[in-house]
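Each protein sequence line maps, in turn, to chains A and B. With this note's numbering, letter number 96 in the first sequence gets 96, and the count goes up by one each step, no holes. In this note's numbering, each residue carries its 1-based index in the second sequence increased by 1000. Idealized CB from N, CA, C, for every residue including glycine. Computed from a prediction, not measured in an experiment: that's the story for all the values here.
Number of protein chains: 2
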Amino acid sequence: MNTKERILEAALVLFNDRGERNVTTNHIASHLGISPGNLYYHFRNKSEIVFEIYQEYERLVDQTLQVPKDHELTIEDKAHYLEAIFEGMWVFRFLHRDLAYFLESDERLRDRYAEFSRRCLENVGAIYQGLRKADLIAITDEEITALAINSWLVATSWATYLRTAVYDSNLEDQITRDRLRKGIYQVFALERPYLKEHIKDEVERVQLSFLEQ
Amino acid sequence: MNTKERILEAALVLFNDRGERNVTTNHIASHLGISPGNLYYHFRNKSEIVFEIYQEYERLVDQTLQVPKDHELTIEDKAHYLEAIFEGMWVFRFLHRDLAYFLESDERLRDRYAEFSRRCLENVGAIYQGLRKADLIAITDEEITALAINSWLVATSWATYLRTAVYDSNLEDQITRDRLRKGIYQVFALERPYLKEHIKDEVERVQLSFLEQ
């Protein structure tokens, strides 16, 4: 791993642990035992580091939300999408903690995120079309558009929900991996009414497994 | 209107227009043509003002989310709930712009908001039970619990969605009343699969009216 990659890795750990606002480039350099000058050689400022990490997150989501070309979609695919998306939220959780703030303070990030969101909504729509084609859900095109937006809203607001609506004063950090993964149950709940009868029981078992973790 | 009420009213206008972080107690006093000392007589600091306005918002939502005692729930009631909730989000939009930040910086607000959220989810659940009792939706208790949470997630994240995912660089302010009200369409979409056949067409007309505004 080269120095640039080590800086990104250390920054991600520190941002997740302490919140991005509480971490300076000096903290990151000192954590790695390198000089601030060495860090600045790779990144002009902290925003550059955030932007680079953000792009990693984007690539992960883009790669995940693809309809397979070699087989019809299955319920296992659907569960896999959600697990991968929520795992990405866990790995890059500092971004979701403060997303509106990041976008407000960095125009480049803001434009890129809007573009990314549009792409994701299209990809999620294509996945629902694939589930319909595989005879797993019965749904109209209008319903797919609204459902894709609602899935996006539920998934992206789940971390905030944990930190606000179901704040638990016994927890040091509100966003644990287990609490986060319970959001998968909620996305399944959105789709459930559209399921074809023959698949309902199987999906319910998969859905419930995320609640019980 | 007494001075205290005038301070709250002016603060709400300024917070909505400029964002709470960009407004000081001196701005508020100067906007009203009163001395900072006079303002401090009523509110020790800006957090006290935010807390008082937050409580107004809470009262509005609590009063709205009640099942009527004199008649069975109708689709008009349901539309009315959503219109009132989204109108409240519009009137108190500065709160939704920065909610996670407010809760993080004020422990009292954070505990109160978690309590408020629990109450809202119960009230929303009671409304769905009322719609089921009125023979308008077919839904299980487990589905009601998940649907209430998803309605909450969609409604409370809609303002953030406007500012991030569908950011429009042509707009000076991303949260306009019209854009905000389109969120009502999304909440209707959540409930639509549960509607009884005899009411589907009527609800669809109501739902679409919010998209076309």
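Does the segment 108-124 of chain A touch the segment 1106-1122 of chain B, meaning 3 or more C-beta pairs lie closer than 8 Å? When Cβ pairs closer than 8 Å are counted between the two stretches, the segment 1106-1122 of chain B is seen not to touch the segment 108-124 of chain A, the count staying below three.
When the cut-off is 8 Å and only beta carbons count, does Arg-1110 (chain B) lie next to chain A? It does; some Cβ of chain A falls within 8 Å.
How big is the Cα-Cα spacing for Leu-162 (chain A) and Glu-142 (chain A)? The C-alpha of Leu-162 (chain A) lies about 30 Å from the C-alpha of Glu-142 (chain A).
Using a Cβ cut-off of 7 Å, which residues of the segment 73-106 of chain A contact any Cβ in chain B, in chain order? Residues passing the 7 Å Cβ filter: Leu-99, Ala-100, Leu-103.
With distances taken from CA atoms, which of B:Ala-1084, B:Ala-1079, B:Asp-1070 is nearest Gln-1063 (chain B)? It is B:Ala-1084.
Give the interface partners of Arg-1163 (chain B) over in chain A, defined as CB-CB distance under 7 Å, in chain order. Residues of chain A whose Cβ lies closer than 7 Å to the Cβ of Arg-1163 (chain B) are, in chain order, Ala-100.
Chain A contact residues for Gln-1186 (chain B), given Cβ-Cβ distances below 8 Å: For Gln-1186 (chain B), the C-beta contacts it makes with chain A under 8 Å involve Ala-146, Ile-149, Asn-150, Leu-153, in order along the chain.
Could you tell me which chain B residues have their CB closer than 8 Å to the CB of Leu-190 (chain A), listed as they occur along the chain? The answer, in chain order, is Asn-1150, Leu-1190.
Of all Cβ atoms in chain A, is any one closer than 8 Å to the Cβ of Thr-1156 (chain B)? Yes, its Cβ sits closer than 8 Å to a Cβ of chain A.
Can you tell me where the alpha helix (DSSP H) with Ile-1075 (chain B) in it begins and where it stops? Counting along the chain, the unbroken alpha helix (DSSP H) around Ile-1075 (chain B) starts and ends at 1075-1091.
Nearest neighbour of Lys-1133 (chain B), chosen from B:Ser-1151, B:Leu-1195, B:Val-1154 [CA to CA]: Considering only alpha carbons, the answer is B:Leu-1195.
Would you list the residues sitting across from Ile-1137 (chain B) in a DSSP beta bridge? As computed with DSSP, Ile-1137 (chain B) is found in a beta bridge with B:Leu-1195.
Just to confirm before moving on: does the CB-CB distance between Met-1089 (chain B) and Leu-1180 (chain B) stay below 8 Å? The criterion of a C-beta distance shorter than 8 Å is satisfied by Met-1089 (chain B) and Leu-1180 (chain B).
Thinking C-alpha only, which one of A:Phe-210, A:His-42, A:Leu-136 is nearest Arg-6 (chain A)? The shortest C-alpha separation from Arg-6 (chain A) is found at A:His-42.
Can you tell me whether His-1096 (chain B) is buried or exposed, with buried defined as 16 or more other CB within 10 angstroms of its CB? Residue burial annotation: His-1096 (chain B) is buried, with at least 16 other C-beta atoms found within 10 angstroms of its C-beta.
In whole angstroms, give me the CA-to-CA distance for Thr-25 (chain A) and Ile-34 (chain A). When rounded, the distance between both Cα atoms is 11 Å.
Considering only the beta carbon of each residue, do Phe-1051 (chain B) and Arg-1093 (chain B) sit closer than 8 Å? Phe-1051 (chain B) is not a Cβ neighbour of Arg-1093 (chain B), given a cutoff of 8 Å.
Please report how far the alpha carbon of Gln-1186 (chain B) lies from the alpha carbon of Asp-1077 (chain B), in whole angstroms. Gln-1186 (chain B) and Asp-1077 (chain B): Cα-Cα distance of roughly 17 Å.
Rounded to the nearest angstrom, what separates Ser-1151 (chain B) and Leu-1190 (chain B) at their Cα positions? When rounded, the distance between both Cα atoms is 7 Å.
Assuming Asn-1123 (chain B) contacts Gln-1055 (chain B) under a Cβ cut-off of 8 Å, what Cβ separation, rounded to an integer in Å, is found between them? Contact doesn't hold; Cβ gap of about 17 Å is too wide.
Determine whether the Cβ of Val-1050 (chain B) lies closer than 8 Å to any Cβ atom of chain A. So no, Val-1050 (chain B) is outside the interface.
Identify whether His-27 (chain A) lies in helix, strand or coil by the three-state DSSP scheme. Note: His-27 (chain A) maps to helix in three-state DSSP.
Can you grab the Cα-Cα spacing for the pair Leu-121 (chain A) / Gln-207 (chain A), in whole Å? Straight through space, the alpha carbons of Gln-207 (chain A) and Leu-121 (chain A) are spaced by roughly 22 Å.
Taking the alpha-carbon positions, what's the Leu-99 (chain A) to Leu-12 (chain A) distance? Approximately 15 Å, taken between the alpha carbons.
Taking the straight line between their C-alpha atoms, what separation do you get for Leu-1082 (chain B) and Val-1203 (chain B)? Cα to Cα, the separation comes out at about 13 Å.
Using the Cα positions of Thr-1145 (chain B) and Gly-1125 (chain B), report the straight-line distance between them to the nearest angstrom. Thr-1145 (chain B) and Gly-1125 (chain B) have their C-alpha atoms spaced approximately 6 Å apart.
Please compile the residues from chain B whose C-beta is within a distance smaller than 7 Å of the C-beta of Ser-209 (chain A). Within 7 Å of the CB of Ser-209 (chain A), no CB atom of chain B is found; the nearest one sits about 15 Å away.
Could you tell me the alpha carbon to alpha carbon distance between Pro-1068 (chain B) and Ser-1157 (chain B), rounded to whole angstroms? Rounded to whole angstroms, Pro-1068 (chain B) to Ser-1157 (chain B) spans 27 Å at the Cα level.
Is the shortest distance between the beta-carbon of Val-1166 (chain B) and the beta-carbons of chain A less than 8 Å? Cβ-Cβ to chain A under 8 Å: yes for Val-1166 (chain B).
Shorter than 8 Å from the beta carbon of Thr-1160 (chain B) to some beta carbon of chain A? Yes, Thr-1160 (chain B) lies at the interface with chain A (some Cβ there is under 8 Å from its Cβ).
Give the straight-line distance between the Cα atoms of Arg-18 (chain A) and His-27 (chain A), rounded to the nearest whole angstrom. Distance from the CA atom of Arg-18 (chain A) to the CA atom of His-27 (chain A), rounded to whole angstroms, is 11 Å.
Which residues of the segment 111-128 of chain A have a Cβ closer than 7 Å to any Cβ of chain B? Give them in chain order. Look at the segment 111-128 of chain A: the residues with a C-beta under 7 Å from a C-beta of chain B are Tyr-113, Ala-114, Ser-117.
Pick out whichever of A:Ser-209, A:Gly-130, A:Ile-199, A:Ser-169 has its Cα sitting closest to the Cα of Gly-183 (chain A). Ranking A:Ser-209, A:Gly-130, A:Ile-199, A:Ser-169 by Cα distance to Gly-183 (chain A) puts A:Ser-209 first.
State the DSSP-derived secondary structure class of Gly-1033 (chain B), mapped to helix, strand or coil. Under the three-state reduction of DSSP output, Gly-1033 (chain B) falls in the coil class, being neither helix nor strand.
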